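To start, the structure itself, in structure tokens.
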Amino acid sequence: MKYLTEDQILDSLSRGKTVEAIIGKYEINGYPTIQWLAIEKGRDKKHMYYVVFHHVFDEKSEGLDSIYDFSYVEPDDMYGKIVSEFESYNDALQFSNQKFSESLSQFVSEGYIDELIN
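Throughout the sequence shown, residue numbering follows this note's numbering, covering 149 to 266 in sequence.
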């Protein structure tokens, strides 16, 4: 798996692409879950960057192959939960690393996160 460099992350975000990173695998009441984070450039507010938290049940054992198809732990957060917004990429990345995990330096382009969970 090729992780994105900081320059690649910035380039992706400036082109309106989302980058994602695994936070970790956890268990809730005996059910495996996965948390991941996305940083995306604003759709309506083009100058903003959003940090979006996702928490889903790991449903690989039920025949689902993609994390994007897994059920959310909190149904109201079905498309993730915006935890913060920033005017700069650097602030969004720094917040992500401080709030969630130092391992978030391992970002991938949107759509490739499935390779990190297999």
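Backbone N, C-alpha and C define an ideal beta-carbon position, used for all residues, glycine too.
In this text, all values refer to a predicted model and were calculated from it rather than measured experimentally.
Where does the unbroken alpha helix (DSSP H) through residue i begin, and where does it stop?
i: E175; result: Looking at the DSSP string, E175 is not in any alpha helix (DSSP H); the run it does join, the beta strand (DSSP E), is V167 to I176.
i: I157; result: E154 to S162
i: D262; result: D262 to I265
Anyone know if the C-beta pair for residue i and residue j falls short of 7 Å?
i: F201; j: S219; result: no
i: I171; j: F248; result: yes
i: W184; j: E168; result: yes
i: E233; j: M196; result: yes
i: Y237; j: L158; result: yes
i: Q242; j: Y151; result: no
Any idea what DSSP makes of residue i, helix, strand or coil?
i: Q183; result: strand
i: K208; result: helix
i: S219; result: coil
i: H202; result: strand
i: K189; result: strand
i: Y197; result: strand
Write down the C-beta distance between residue i and residue j rounded to the nearest angstrom, noting that I regard them as a contact closer than 8 Å.
i: S257; j: S160; result: 6 Å
i: I215; j: I176; result: Incorrect: roughly 16 Å between the Cβ atoms, too far for contact.
i: K173; j: P180; result: 7 Å
i: V231; j: H203; result: Contact doesn't hold; Cβ gap of about 11 Å is too wide.
Could you give the uninterrupted runs of the beta strand (DSSP E) lying entirely in the segment 222–258, keeping only those of 3 residues or more?
229–234
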